[in-house]
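All residue numbers for the sequence shown refer to full-length UniProt numbering, where the first residue is 1 and numbers rise by one. In this text, a Cβ means the ideal position worked out from N, Cα and C, and glycines have one as well. What you are looking at is a predicted structure, and each value in this text was computed from that prediction instead of being measured. A short write-up of the structure that comes next.
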Amino acid sequence: MDSCCVTFKAKAHLAKASRGGLSNGDNAFWGERIRGSLNNSGSCCHSNTREAGMKWFEGTADADAKNKNIENILILSGDHLYRMDYMDFVQNHIDRKADITVSCVPVVKGLFFVTCRASDYGLLKMDNRGRIIQFAEKPKGADLKAMKVDTTRLGLSPQEAMKSPYIASMGVYVFRTDILLNLLRWRYPTSNDFGSEIIPLAVMEHNVEAFLFRDYWEDIGTIKTFYEANMGLTEEFPKFEFYDPKTPIFTSPRFLPPTKIEQCQVVDAIISHGCFLRECSVKHSIVGERSRLDYGVELKDTLMMGADYYQTESEIASLLAEGNIPIGIGRNTKIRNCIIDKNAKIGKDAVIVNKDGVQEADRPDDGFYIRSGITIILEKATIKDGTEKPRRWRQHYILNKKQVVSVLYVD
1 MDSCCVTFKA
11 KAHLAKASRG
21 GLSNGDNAFW
31 GERIRGSLNN
41 SGSCCHSNTR
51 EAGMKWFEGT
61 ADADAKNKNI
71 ENILILSGDH
81 LYRMDYMDFV
91 QNHIDRKADI
101 TVSCVPVVKG
111 LFFVTCRASD
121 YGLLKMDNRG
131 RIIQFAEKPK
141 GADLKAMKVD
151 TTRLGLSPQE
161 AMKSPYIASM
171 GVYVFRTDIL
181 LNLLRWRYPT
191 SNDFGSEIIP
201 LAVMEHNVEA
211 FLFRDYWEDI
221 GTIKTFYEAN
231 MGLTEEFPKF
241 EFYDPKTPIF
251 TSPRFLPPTK
261 IEQCQVVDAI
271 ISHGCFLREC
281 SVKHSIVGER
291 SRLDYGVELK
301 DTLMMGADYY
311 QTESEIASLL
321 AEGNIPIGIG
331 RNTKIRNCII
341 DKNAKIGKDA
351 VIVNKDGVQE
361 ADRPDDGFYI
371 RSGITIILEK
381 ATIKDGTEKP
391 RRWRQHYILN
401 KKQVVSVLYV
411 D
């Protein structure tokens, strides 16, 4: 798990931000954006190595072993999707004189089984004042049932509480610096992770408070949640909205031209910059930057990551003439329920469909994996034209436009 930390001095909220990877100096793009979001009161620094041995951190706790002379430290996870005013979070921590504050969300009951969702997170119990009295990281079975709570005490209505009988940690914390250093240096020096090691033990010794977050939050650290969160963005009224002028979310500038769309059908989709779409169909999908979709392509329920560079028309023509496949998706290829990683090369007349609903499969030699029923085309993978017969794929043949083409079903 990545971690960020934003540090505060008392109520003045003098902030410093650090994140592994922000290493381009004061004018780095991300550094400027982070400082802007903290009212220009922050500066960038490193937290990815130790002085006594330049090595990458080994976990979320290890990442914060280096410190400044500050009173409170805010720990953030790098694989979550949400929008929060951290100033409110930290002020709540200060006002309640907490040693540690954990931001938490009610776990909404899933469509079928609430346990399928709740067991994926660190769950907590708290007293009537909001102090955490028990913390369990990803409990199962009887341990999971034991973590049920009455969430009306968080302000939920009885109807909402029925749907949300668990309280989950967001993996976002505020620590008093002296408490954090004591935990890392003396109490639990071998611990590397907050959620599974430090927080459960700290609850027994310190004043650990809960801060309820009532907006959208999703842990996108698994293939399934990452895919579903992205697909959710294509809805007409998505649960999470990037287009908020008051709290914008930035990405790195790439200075690409607008996307060119020629006689295509695009429904409930997000198309990034610099793409070429020619007489194709894109439904409930995301098409990443520099993507190329040729004639007759059908993309549905798919996240296409795009490409890191362009191939010229002459390069594409030369590759095709040599029997090779350029980056992008070739003519008449049909793809469903898929994540296509960057710079993938998918030939013409292929049908990539998990027809039998296989949940897990490892086929790196064939250029794909399956996780939670989602087909993942690997980065730089080559999927041959449909008239080829890739090994270990069950082939079915159909008659399409007077040609025999192979449908690549995964089993």
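DSSP, reduced to helix, strand and coil, places H80 within a strand of the structure shown.
Unbroken alpha helix (DSSP H) stretches of 4 residues or longer found wholly inside the segment 287-364: 313-321, given in chain order. For G232, the enclosing alpha helix (DSSP H) covers residues 223-232. Taking C-beta atoms as the reference points, I376 and I339 count as a pair closer than 8 Å. One thing to note: M304 has its Cβ no nearer than 8 Å to the Cβ of G330. The beta carbon of L320 is closer than 6 Å to none in its chain, skipping five residues each way along the sequence. For V172, the closest of F89, I286, L76 by C-alpha to C-alpha distance is L76. Membership of D95 in the alpha helix (DSSP H) is indicated by the continuous run 86-95.
Under the 10 Å beta carbon count, R176 is surrounded by 16 or more other beta carbons and is classified as buried.
The Cβ atoms of A269 and S291 lie no closer than 8 Å to each other. If you ignore the 5 residues before and after A168, its C-beta comes within less than 8 Å of the C-beta of C104, V105, P106, V107, A118, Y121, G122, L123, L124, all in its own chain and listed in chain order.
Just so you know, the alpha carbons of F368 and S191 end up roughly 35 Å apart.
For K384, the secondary structure class from DSSP, reduced to helix, strand or coil, is coil.
Annotation for G195: T60, G122, E137, S169, G171 place their beta carbon closer than 8 Å to its own, counting only its chain and skipping 5 residues before and after.
Here DSSP, grouped into helix, strand and coil, assigns T375 to strand. Residue burial annotation: E205 is exposed, with fewer than 16 other C-beta atoms found within 10 angstroms of its C-beta. K138 sits in coil when the DSSP states are folded into three classes, being neither helix nor strand.
For R254, the closest C-alpha among the options L74, Q134, Y309, P248 is that of Y309.
DSSP places K163 within a helical segment (H, G or I) once states are collapsed to three. The C-alpha of Q359 lies about 30 Å from the C-alpha of E241. Counting along the chain, the unbroken alpha helix (DSSP H) around A118 starts and ends at 114-118.
Inclusion of K342 and E379 in the CB contact set at 8 Å is warranted, their separation being smaller than that value. T177: member of the alpha helix (DSSP H) spanning 177-182, first to last residue. Collapsing the DSSP output to three states places I199 in a helix.
When the five nearest sequence neighbours on each side are left out, the beta carbons in the same chain lying within less than 8 Å of the beta carbon of L233 are those of F240, F242, I270, I286, in order along the chain. Spanning the alpha carbons of A229 and D219 requires a straight line of approximately 9 Å.
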